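**Student:** I am attaching a structure below and will ask some questions about it afterwards.
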């Protein structure tokens, strides 16, 4: 499992700590010389490549400058900040810009705090060792910028104050205005005890207050409160020592209470030492401004990119597995439904077979009869309907009231031509009144008129296949009946033949 290692760098050494269950323990100390850097490199190489590190820098060589810049965004802002930092802190790559908010009046420009570590030579060996070891560095931060995040949890009633904290690096005085850091100064000797630092604390605080007034960061004559970042036990002695002259007002920012907000636990530590609190915040305040270059953070960014790709691939795999599982469940359900349907179909088939066995025998197999019925339906659907024939004949009969319909006969010829156009041939037998039996000329005229009317009705040709009289040249003109045999006269009739297609009937 990857572990997090907090590192604390001062001008004289680098301290390697371990934070476990809220307790901070010093593991190893590396002096600021070639042997110390070499030992540090060897220790990094011995650790797991999955471990993560955070570096906190606490040195006196710092620079702070406030700037009022136009409020811009994107690459223009990044280019402007890079130019400002290069102009203000030439030669140092350990720089950052902290936004302090926008002005409430005028153009609403943005106020920035430009900060830098102005002596990179004392930091470069350690940073280069970390880059050479290709370790994952989560962040490189300075104490003043980290205190800016820590004091946001303190709920100090004053908006402007001077924070005093003690550490192995010395006495640090940090000026806050409107709740944000504006300036910080480290003084004193290394590894001095809290009791020994009391004597120097008052003098260093007065120097810092005088500097703030000279730089017009505080108003002339302003009595700036002093906030002590110490434990409750050390506060009484510090307050009594600083307020003897009556010039200072001291308030408490309790170390133990602030540590509890980060999940820290009280343990064996030097009185008034703020390093455990800072290391607790170092692993939590990930939004704190970075003061290191991008080179030392490269392997951590690569790890985050790789982790993002793995998570994305895992997400795609999970979605694919979900889709596959859903499809599998649906397939199982469909198979179950198919088996149930097959069972029902088989049951119905058996029931149908039993019913068919109970029926009387058919004159022909059912399959052949079904084919015949289908063929008949196909023929009927492709032929002229009878109603169209009736309408055509009735239209011609309306014009000749003396003619009556005796018989209609459909004659279907399975020729290729009739099969294509769906036409039907009709033979109609028609009768004439008995009174016309002796009027041969009238019967011929009426039959020919009927043919003409029927042709007009169907829009096609009509053929007179049998006339009402015999017109052969060798015989006497007579009615077409059996009068020659002496039989009584009967109604004469004649016969016509015509064809109708689906287009004509439509």
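In my numbering, the protein residues as written are 27 to 532.
Idealized CB from N, CA, C, for every residue including glycine.
Since we're looking at a predicted model, the values are computed, not measured.
Taking the alpha-carbon positions, what's the residue 53 to residue 33 distance?
**Tutor:** Working through the chain shown from its first residue, we reach residue 53 at position 27. Working through the chain shown from its first residue, we reach residue 33 at position 7. One C-alpha to the other measures close to 10 Å.
**Student:** Looking at C-alpha atoms only, which residue of 147, 101, 121 and 184 is the closest neighbour of residue 251?
**Tutor:** Locating residue 251 in the chain shown gives position 225, where the first residue counts as 1. Of 147, 101, 121 and 184, the residue nearest in Cα terms is 184.
**Student:** Let me check understanding here. Comparing Cα to Cα, which of 258, 387, 452 and 396 lies closest to residue 409?
**Tutor:** For the purposes of this step, residue 409 is taken as the residue at position 383 of the chain shown. Per the Cα distances, 452.
**Student:** Could you check what DSSP says for residue 508 in three-state terms: helix, strand or coil?
**Tutor:** Mapped onto the chain shown, residue 508 falls at position 482. For residue 508, the pLDDT reaches just 45, beneath the cut-off of 50, and the residue's location in the model is therefore unreliable, although a value from the coordinates is still provided. Residue 508: coil per DSSP, three-state reduction.
**Student:** Quick check: what's the CA-CA separation for residue 28 versus residue 296?
**Tutor:** The residue you call residue 28 lines up with position 2 of the chain shown. The residue you call residue 296 lines up with position 270 of the chain shown. Their backbone Cα atoms lie some 29 Å apart in a straight line.
**Student:** According to the Cβ coordinates, are residue 316 and residue 167 closer than 8 Å?
**Tutor:** In the chain shown, the residue the question calls residue 316 occupies position 290. In the chain shown, the residue the question calls residue 167 occupies position 141. In contact: residue 316 and residue 167 (Cβ atoms closer than 8 Å).
**Student:** Please report how far the alpha carbon of residue 287 lies from the alpha carbon of residue 262, in whole angstroms.
**Tutor:** Here residue 287 is taken as the residue at index 261 of the chain shown, counted from 1. Here residue 262 is taken as the residue at index 236 of the chain shown, counted from 1. Each residue's alpha carbon lies about 23 Å from the other.
**Student:** Please confirm whether residue 538 and residue 470 have their CB atoms less than 8 Å apart.
**Tutor:** No statement about residue 538 is possible, as the shown extent of the chain runs from 27 to 532 and does not include it.
**Student:** Out of 154, 65 and 256, state which residue places its alpha-carbon closest to the alpha-carbon of residue 303.
**Tutor:** Against the chain shown, residue 303 aligns to sequence position 277. Minimum Cα distance to residue 303 is reached at 256.
**Student:** Which residue spans inside the stretch 107–155 form an unbroken beta strand (DSSP E) run of at least 3?
**Tutor:** Complete beta strand (DSSP E) runs here, min 3: 121–128 and 136–143.
**Student:** Rounding to the nearest angstrom, what Cα-Cα distance links residue 414 and residue 466 in this structure?
**Tutor:** As a first step, residue 414 must be located in the chain shown, where it is residue number 388. As a first step, residue 466 must be located in the chain shown, where it is residue number 440. Taking the straight line joining both Cα atoms gives about 32 Å.
**Student:** Using only the alpha-carbon positions, how far apart do residue 98 and residue 105 sit?
**Tutor:** Taking the first residue of the chain shown as position 1, residue 98 is located at position 72. Taking the first residue of the chain shown as position 1, residue 105 is located at position 79. Approximately 11 Å between the Cα atoms of the pair.
**Student:** Alpha carbon to alpha carbon, what distance is there between residue 158 and residue 68?
**Tutor:** Position 42 of the chain shown holds residue 68. Position 132 of the chain shown holds residue 158. Distance between the alpha carbons of residue 68 and residue 158: 11 Å.
**Student:** In this structure, does DSSP put residue 322 in helix, strand or coil?
**Tutor:** As a first step, residue 322 is located in the chain shown; it is residue number 296 there, counting from the start. In this structure, residue 322 counts as coil in the three-state DSSP scheme.
**Student:** Going by DSSP, what residue range makes up the beta strand (DSSP E) through residue 32?
**Tutor:** Along the chain shown, one-based indexing puts residue 32 at 6. 30–35 is the span of the beta strand (DSSP E), which, as asked, contains residue 32.
**Student:** Thinking C-beta only, is residue 161 closer than 8 Å to residue 190?
**Tutor:** As a first step, residue 190 must be located in the chain shown, where it is residue number 164. As a first step, residue 161 must be located in the chain shown, where it is residue number 135. Result no, Cβ atoms of residue 190 and residue 161 do not sit closer than 8 Å.
**Student:** Would you say the stretch 307–323 touches the stretch 198–212, given that touching needs at least three Cβ pairs under 8 Å?
**Tutor:** No, they do not touch.
**Student:** By alpha-carbon positions, which one of 220, 233, 524 and 226 ends up nearest to residue 201?
**Tutor:** Translated into the one-based positions of the chain shown, residue 201 becomes position 175. Measuring from the Cα of residue 201, the nearest candidate turns out to be 233.
**Student:** Relative to the C-alpha of residue 80, which candidate in 56, 207 and 42 has its C-alpha closest?
**Tutor:** Within the chain shown, the letter at position 54 stands for residue 80. Selected option, being the one with the closest Cα: 42.
**Student:** Could you give the residue range of the alpha helix (DSSP H) that holds residue 478?
**Tutor:** Position 452 of the chain shown, counted from the start, is the residue given in the question as residue 478. Looking at the DSSP string, the run of the alpha helix (DSSP H) that includes residue 478 is 466–484.
**Student:** For the stretch 83–94 against the stretch 109–125, do three or more pairs of beta-carbon atoms, one drawn from each stretch, fall closer than 8 Å, so that the two count as touching?
**Tutor:** Yes, the stretch 83–94 is in contact with the stretch 109–125.
**Student:** Identify, in the order they occur along the chain, each residue of the same chain with its Cβ nearer than 7 Å to the Cβ of residue 457, setting aside the five sequence neighbours on each side.
**Tutor:** Taking the chain shown and counting its residues from 1, the one referred to as residue 457 is at position 431. 430, 432, 517 and 519.
**Student:** Could you give the first and the last residue of the continuous alpha helix (DSSP H) run that contains residue 533?
**Tutor:** What the structure shows of the chain is the stretch from 27 to 532, and residue 533 is not part of that stretch, so it cannot be assessed.
**Student:** What separation, rounded to the nearest whole angstrom, lies between the Cα atoms of residue 46 and residue 174?
**Tutor:** Counting from one through the chain shown, the residue named residue 46 turns up at place 20. Counting from one through the chain shown, the residue named residue 174 turns up at place 148. Distance between the alpha carbons of residue 46 and residue 174 is about 25 Å.
**Student:** Can you check DSSP and say which residues form a bridge with residue 236?
**Tutor:** Residue 236 sits at position 210 when you count from the first residue of the chain shown. In the DSSP output, where bridge partners are listed per residue, residue 236 has none listed.
**Student:** Taking the alpha carbon of residue 291 as the point to measure from, which residue in 272, 306, 136 and 237 has its own alpha carbon closest?
**Tutor:** On the chain shown, residue 291 is found 265 positions in, with the first residue counted as 1. For residue 291, the nearest C-alpha among the options comes from 306.
**Student:** Kindly list the residues whose CB is nearer than 7 Å to the CB of residue 481, restricted to its own chain and excluding five residues on each side of it in sequence; keep chain order.
**Tutor:** Translated into positions along the chain shown, residue 481 becomes position 455. Answer for residue 481: 487 and 488, listed in chain order.
**Student:** What would DSSP say about residue 178, mapped onto helix, strand or coil?
**Tutor:** On the chain shown, residue 178 is found 152 positions in, with the first residue counted as 1. Residue 178 falls in the helix class under three-state DSSP.
**Student:** Between the C-alpha atoms of residue 358 and residue 332, what's the straight-line distance to the nearest angstrom?
**Tutor:** Here residue 358 refers to the residue found at position 332 of the chain shown. Here residue 332 refers to the residue found at position 306 of the chain shown. The alpha-carbon atoms of residue 358 and residue 332 are separated by roughly 38 Å.
**Student:** Can you tell me whether DSSP reads residue 244 as helix, strand or coil?
**Tutor:** As a position in the chain shown, residue 244 is number 218, starting the count at 1. Note: residue 244 maps to coil in three-state DSSP.
**Student:** Curious, which full-length alpha helix (DSSP H) runs of at least 4 residues does the stretch 46–84 contain?
**Tutor:** You should have 60–72.
**Student:** Restricting to Cα atoms, I'd like to know which of 394, 314 and 428 is closest to residue 164.
**Tutor:** On the chain shown, residue 164 is found 138 positions in, with the first residue counted as 1. Checked all of 394, 314 and 428; the closest Cα to residue 164 is 314.
**Student:** Let me know the alpha helix (DSSP H) ranges lying completely inside the stretch 272–310, each 4 residues or longer, listed in chain order.
**Tutor:** With a minimum length of 4 residues, the continuous alpha helix (DSSP H) runs that stay inside the stretch 272–310 are 281–287 and 301–308.
**Student:** Between the C-alpha atoms of residue 186 and residue 245, what's the straight-line distance to the nearest angstrom?
**Tutor:** For the purposes of this step, residue 186 is taken as residue 160 along the chain shown, with counting starting at 1. For the purposes of this step, residue 245 is taken as residue 219 along the chain shown, with counting starting at 1. About 11 Å.
**Student:** Do you know how far the Cα of residue 275 is from the Cα of residue 260?
**Tutor:** Residue 260 sits at position 234 when you count from the first residue of the chain shown. Residue 275 sits at position 249 when you count from the first residue of the chain shown. Those two C-alpha atoms are separated by around 16 Å.
**Student:** Considering only the beta carbon of each residue, do residue 254 and residue 279 sit closer than 8 Å?
**Tutor:** Residue numbering aside, residue 254 sits at position 228 when the chain shown is read from its first letter. Residue numbering aside, residue 279 sits at position 253 when the chain shown is read from its first letter. Contact flag set, yes.
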